[in-house]
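Chains A, B, C, D and E supply the protein sequences, listed in that same order. Read the first sequence against my numbering and you will find it ends at 309, with the numbers running on by one and no gaps. Read the second sequence against my numbering and you will find it ends at 309, with the numbers running on by one and no gaps. Read the third sequence against my numbering and you will find it ends at 309, with the numbers running on by one and no gaps. Read the fourth sequence against my numbering and you will find it ends at 309, with the numbers running on by one and no gaps. Read the fifth sequence against my numbering and you will find it ends at 309, with the numbers running on by one and no gaps. For every residue, glycine included, the Cβ atom is placed at its ideal position computed from N, Cα and C. Treat the numbers as computed from the prediction; the structure is a model and nothing was measured. Worksheet: one structure, shown below.
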Amino acid sequence: MDRSPRVSDILSWYGADNPGTLTNLARLLEHGRLGGTGRLLILPVDQGFEHGPARSFGPNPPAYDPLYHFELALAAGCNAYAAPLGFLEAGARAYAGRIPLILKLNDHDLLADEDDPDQALTGSVADALRLGACAVGFTIYPGSAHRNAMYGQIRAIAEEAKRAGLAVVIWSYARGSALSKAGETGIDVIGYCAQIAAQLGAHIIKVKLPTDHIEQDAARKVYETTGIPIGSAAERVRHVVQCAFDGRRIVIFSGGAAAEDETFLDEIRAIRAGGGFGSIVGRNAFQRSREDALRLLGRITDIYSGGGD
Amino acid sequence: MDRSPRVSDILSWYGADNPGTLTNLARLLEHGRLGGTGRLLILPVDQGFEHGPARSFGPNPPAYDPLYHFELALAAGCNAYAAPLGFLEAGARAYAGRIPLILKLNDHDLLADEDDPDQALTGSVADALRLGACAVGFTIYPGSAHRNAMYGQIRAIAEEAKRAGLAVVIWSYARGSALSKAGETGIDVIGYCAQIAAQLGAHIIKVKLPTDHIEQDAARKVYETTGIPIGSAAERVRHVVQCAFDGRRIVIFSGGAAAEDETFLDEIRAIRAGGGFGSIVGRNAFQRSREDALRLLGRITDIYSGGGD
Amino acid sequence: MDRSPRVSDILSWYGADNPGTLTNLARLLEHGRLGGTGRLLILPVDQGFEHGPARSFGPNPPAYDPLYHFELALAAGCNAYAAPLGFLEAGARAYAGRIPLILKLNDHDLLADEDDPDQALTGSVADALRLGACAVGFTIYPGSAHRNAMYGQIRAIAEEAKRAGLAVVIWSYARGSALSKAGETGIDVIGYCAQIAAQLGAHIIKVKLPTDHIEQDAARKVYETTGIPIGSAAERVRHVVQCAFDGRRIVIFSGGAAAEDETFLDEIRAIRAGGGFGSIVGRNAFQRSREDALRLLGRITDIYSGGGD
Amino acid sequence: MDRSPRVSDILSWYGADNPGTLTNLARLLEHGRLGGTGRLLILPVDQGFEHGPARSFGPNPPAYDPLYHFELALAAGCNAYAAPLGFLEAGARAYAGRIPLILKLNDHDLLADEDDPDQALTGSVADALRLGACAVGFTIYPGSAHRNAMYGQIRAIAEEAKRAGLAVVIWSYARGSALSKAGETGIDVIGYCAQIAAQLGAHIIKVKLPTDHIEQDAARKVYETTGIPIGSAAERVRHVVQCAFDGRRIVIFSGGAAAEDETFLDEIRAIRAGGGFGSIVGRNAFQRSREDALRLLGRITDIYSGGGD
Amino acid sequence: MDRSPRVSDILSWYGADNPGTLTNLARLLEHGRLGGTGRLLILPVDQGFEHGPARSFGPNPPAYDPLYHFELALAAGCNAYAAPLGFLEAGARAYAGRIPLILKLNDHDLLADEDDPDQALTGSVADALRLGACAVGFTIYPGSAHRNAMYGQIRAIAEEAKRAGLAVVIWSYARGSALSKAGETGIDVIGYCAQIAAQLGAHIIKVKLPTDHIEQDAARKVYETTGIPIGSAAERVRHVVQCAFDGRRIVIFSGGAAAEDETFLDEIRAIRAGGGFGSIVGRNAFQRSREDALRLLGRITDIYSGGGD
């Protein structure tokens, strides 16, 4: 298989990594319907841990079965499937070698919510290796009082993962008592989240789609005086990608639980227009019937591959 | 010895495990009166640590003797006997190879109760191996402020145990200041507890028998709109099993200190009817005379093996 | 040297231990005037750390000298001498092989007392081995907010000590803000302390002599309904021994700073009558002249060996 | 290449270091326009993490690109380029061997500011080695409630770095609730910061340029009675250098975000006049156009090399 | 070189130590003007870290230079020079083998003082070995809320140091919110501090010169009833030496910043008269001119060697 020029280009940004890590990054980038385009569509299913099983899978009961998600990601032509330890353990043998896996190494439940949330370590680099995963995933909460400890955890994990030839995906979600609710998705905060994840050594960075809210006064001054364009969703995506080493790191976006498909697809179009590298689509995929999910995911990959505008 | 088809079926769910762990899982599933049925009856005796010795063993003084429980579990045809370090150390040589053992690795006393309880580490994987145990047991308290640390502990322990060919049993009990007393056994919370234990990599999950209480508002909406049947105990058991990877993980139930035997046996019937994998019966077994205990445990195994309705 | 039948019987309770640990247990049980009787008299001198040197040794100044205690324990025919690192380091070479030593691995001072006390780690298993000790000693405070951490410490230490062929002695003293002062020596609490130490894997358990106070309401109900005899000191000793695996663990008692020798010796008689395994006598031994101490310790060993009633 | 006599002199101060560390120190001292003069100009770019990307790079958008800073440092003839993990990973291969690198091992964001700030560990000695860096950098906050933990971290890191032949740079910035805002740059506090960094084993110490404010009463008495000259900026620099082992450690200064270039250059002149070893210039370099930056950095190196007064 | 009988006698107290540690103890005891007398005069210079450089060295500016102190200790015929990592690193090569060194492994600054002080780890046993030191030094604060953690740290360090053949010096200074200011130097507290350091395994113990204040009520009773003589400074020294294993551990004293030389020398005479093993003299040595310091230190060694009364 020849490597696509775009993937070769992307790999060139990661000059500090060993060939093992580049191999796994290439696996993620070359797999599925978007393989070779430099765009990514990832199916993440950690909501069973995050929101509980009934809230997550009740709307589409086949999704209680861990094998369902492997098959859905495969059928939809996703680049990868990301999940916590238990879900990957349940299907890693049956689906070995059929779809790239991302083992989520920390998780959080809502049984006792906190103002300054933290996550529990639920997997290891050794787990990722024995399950045949291409990458490890880790969530940080910039803004939380626990953030420094979380940064320290992913630092150690990333060092170990890179030595073992794995790629590192960081979910960078602003949370915590120091931020307003609107601030969690403010453009300055999302850009900041992307920068922190990149500085921590992430190969792939996942952030939320930003709004035009600006949370920090010191930042607002710069946005205003330098006239950074943040009026449209596409402009904001472009700015976030800029915040992640001026486009030299892969940044993908999550959309949350959007009400209407067309609204959601408009977001995908904005991500593409703004130079975003793709999407991570969980609830919008597995909380509807398999048929509907494949239809929606097909439209997303159409957009990213240039045929769905 | 041929392996029963049902056990082969169950083992097939654990595709990420090495043959050592599958061997120990098979030992648990093939032992005793329920051996080969895919159902489990386990005798756990950690109440001496949890409630103190007089409250635990005063009602049936022979139970102060650690050898008593090995013998009781053996005579009753239980699949396994689970206890803390001291109790297993006291009988592991005399009963070596006669009944599968589960070493409980953490424990909790009530000498200084807390709103957000935690457990103390009281054993290790190395202890389990030197005592000839088939599995390690670990309690988590979803809902407690200490839960993230507890998840991190069992994560590390489970990784080590699986590498050493042991099975992992998680007691998943909702506790903590964020939950109401009713919430600790609410159907949404118990399902959530089962999911978390499964995601943490448990082979066997122990939860309490749920009530029809719903604790979390966000969950209630889903239960109501999707019409998940939770009216009867059997329906709730079925839902909890669904919450543990749609039946692809072994879920067993504890009954607490039920007042009347018939009430208790009705619970067993409901667990069986709902597709539960069995029971863990402690106080109801060792706080009565050996004769009575064997009679009750015999009726339980009758029900689970299909002859006791 | 033939082993006494009683010692053989006691060693048979510790079936999980390696021959190294049984050898050291036998050394403790076979040494001194009570050697072979299955009873133990141990001289512990950690009060210099606990109460300060003047309060501890001022009443009998020769006791400032660490060699004094080695010699006293030897002359009195004690089974063993227990002390913190510094005291054992000072005499271990001079007394090498002459008397079994127990290295106390944690200690506590009263320079800043707390409602929920903790102890400092002051020695290690490696220290015990290089000093030629037969056992390590460790204090836990059931009832303290720090108890779970303390249980976790002794768990790790005990695992290491047993692997190295040492015996483990746990001082189990109820302390902490959740308990009343009377509760610290209440019969239910002392029984609970003995159970916890046994479950943590202690070979020898040291508790305080209990009173007939009952601290916990849930326990009181059991004591009353099941009629556990706790009226006399001997009955209470018998119950505490029962709480430590029905007599299958060595339980010894401390008497504190009793006012009158006859009162104190009555306690010894009660311990013997109740099936207790012996005493640990510190302040009553080293805070009087050597001559007086030898006389008192002689009377204690007379009682335990059956000749002093 | 002959070594300059001044560099030989400086290296002689570090008699405890192995030849590997001296080699890396020499690389820093011999590189760039100031190579061999004993003066240093370092480009540090950690503001993306510290202040967020828009505040840091918005004023000069090419600076979003990590390669920009490698090139800028090289073109300006800096002695070294210092940055967090992500920024160095992005260019270390392309610029391998072309400019000495300092990997910043801890970082701090402003998403949830605290009265007593701490930093997160974001890199390791192993990272520095695999990236080809000459030195590790670490920030301590004397005055913060977290300072003791920070000192302990750099102690362990410095020991590992020195064993691996790396140099150690400590950013010593007074921060914390115990200090007034003016106190953070008070002459007594800056001198204290320099001393602490030197005692912790730093080879190169970075402090802020001090004012003539005196924060601590006990210090004021000494300054007054002994008549330490602190009236001019040059005198204060001389005193800070004295505070760092009487000139036997390399002390460099940061200027913050000075308003006017001439003011800023006057500070450089004062540092030179006072015997300071150089400057670390970040925002004043990368927040203006490359052309302007090169001009300013050129004037700085002119001053330090004696041609720019 | 023959070993002095007094040194042989002292070494005999440390029967648990290996020949490596005895060799280093002998080096300390045989060096300098007091070599072989069993008395010690040590120059400690950690005030730069503790009080800041200006307060420490401003009164005698040559003392900013780390080499100054090596030379002063050597010229004065001190037994050893003790300092933190940075100061020893600066001179260890130049003075290798010329004067015994003690590496202080923890330090404390006054930039944010606390009611319950703690110290930062600033050096390691490995550092001491690579610098050629004979001993490690460590400060504990009995009375501080952090004391248990500090005891645990020195326990681990002492175990490692003794295994590596180093001697262990403990600075035992009562501090913390539970003590009155007068209590920090009360005779009962100082005796307690000496005992704790001895029990923690120190070879050399440094305490402050006690007053006749008694801090703890429980102790006062013993001092009064047993009539321990504490009226004169010499009597108090004798009692403190008694508190450190009845004279079987080396106890030295610090005098703080005494106003008048004669007062200070009277303290030295009292230490000698009371059987103290010597002094640790810092500020009184390096905060005056070298000439004055040598004169004072000469008078001190005269007193200790018997010629200065």
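Query                                                                                                                                                          : Result
Among B:V189, B:A135, B:G227 and B:L121, whose alpha-carbon lies nearest the alpha-carbon of C:I157?                                                           : B:L121
Taking the beta carbon of B:D2 as the centre, do at least 16 other beta carbons fall within 10 Å, making it buried, or is it exposed?                          : exposed
Within a Cβ cutoff of 7 Å, which residues of the same chain sit near E:A273, ignoring the five residues on either side of it in sequence?                      : A234
Please classify D:F264: does DSSP put it in a helix, a strand, or coil?                                                                                        : helix
For A:V319, does the three-state DSSP call read helix, strand or coil?                                                                                         : As shown, chain A starts at 1 and ends at 309. That puts residue 319 of chain A outside it, with no answer to give.
Which residues in the same chain have their Cβ closer than 8 Å to the Cβ of B:G20, if we skip the five residues on either side of it in sequence?              : A164, G165 and L166
Which chain B residues are close to C:V222, counting only those with a beta carbon under 8 Å from its beta carbon?                                             : A54, R55, G58 and P59
So, with DSSP's three-state summary, where would you put A:L103?                                                                                               : strand
Here's the rule: buried if 16 or more other CB atoms are within 10 angstroms of the residue's CB, otherwise exposed. What is C:G201?                           : buried
Counting only beta-carbon separations shorter than 8 Å, does D:F286 have a partner in chain E?                                                                 : no
Got a sec: which bits of the segment 198-220 of chain E sit with their beta carbon under 8 Å from any beta carbon on chain D, in order along the chain?        : none
Please determine whether the Cβ atom of B:T225 lies at a distance below 7 Å from any heavy atom of the ligand HEM.                                             : As for the ligand HEM, it is missing from this structure, which has no ligand bound.
For chain A, is any of its Cβ atoms less than 8 Å away from the one on B:S144?                                                                                 : yes
Can you say whether B:D115 is buried or exposed, counting buried as having 16 or more other CB atoms within 10 angstroms of its CB?                            : exposed
Within 8 Å (strictly less), CB to CB, does D:D65 reach chain A?                                                                                                : yes
Express the C-alpha separation of A:L105 and A:I42 in angstroms, rounding to a whole number.                                                                   : 16 Å
Please say whether D:P66 and D:A96 have beta carbons closer to each other than 8 Å?                                                                            : no
I need the DSSP call for E:G137, collapsed to helix, strand or coil.                                                                                           : strand
What residues in the segment 159-192 of chain D bring their beta carbon closer than 7 Å to a beta carbon of chain A?                                           : none
Apart from the five residues on each side of it in sequence, which residues of its chain come closer than 6 Å, Cβ to Cβ, to D:S4?                              : G36
Determine the DSSP secondary structure at C:S289, reduced to helix, strand or coil.                                                                            : coil
Start and end of the beta strand (DSSP E) containing E:I10?                                                                                                    : First-last for E:I10: P5 to S12, but that is the alpha helix (DSSP H), not the beta strand (DSSP E).
Is D:D113 buried or exposed, if buried means 16 or more other CB atoms sit within 10 Å of its CB?                                                              : exposed
Since I believe D:C134 is in contact with D:A92 (beta carbons under 8 Å), could you give me their beta-carbon distance rounded to a whole number of angstroms? : With 8 Å as the limit, D:A92 and D:C134 do not qualify as a contact, their Cβ atoms being about 12 Å apart.
Please list the terminal residues of the continuous beta strand (DSSP E) segment that includes D:L41.                                                          : L40 to P44
Using a Cβ-Cβ cut-off of 7 Å (strictly less than) and excluding sequence neighbours within five positions of A:G186, which residues of its own chain qualify?  : P210, T211, H213, I214 and E215
With a threshold of 16 other CB atoms inside 10 Å of the CB of D:R155, please say whether the residue is buried or exposed.                                    : buried
Cβ closer than 9 Å: which chain B residues qualify as neighbours of A:A126?                                                                                    : E159 and R163
With a cut-off of 8 Å, does the C-beta of D:R155 fall near any C-beta of chain A?                                                                              : no
Mind checking which residues open and close the alpha helix (DSSP H) that includes B:Y223?                                                                     : D217 to T226
For E:Y64, report the span of its alpha helix (DSSP H) as first-last.                                                                                          : Counting along the chain, E:Y64 falls outside any alpha helix (DSSP H), and DSSP gives it neither H nor E.
Flag B:D109 as yes if its beta-carbon sits less than 8 Å from any beta-carbon of chain A, otherwise no.                                                        : no
Residues of chain A with CB closer than 7 Å to the CB of B:A16, please, in chain order.                                                                        : E89, A92, R93 and L131
Less than 8 Å between the CB atoms is what I'm expecting for B:Y192 and A:L111, so what's the real figure, rounded?                                            : 6 Å
Between the beta-carbon of D:G137 and the beta-carbon of D:L88, is there less than 8 Å?                                                                        : no
Could you please tell me which residues of the segment 248-271 of chain E, in chain order, have their CB closer than 9 Å to any CB of chain C?                 : R248 and R249
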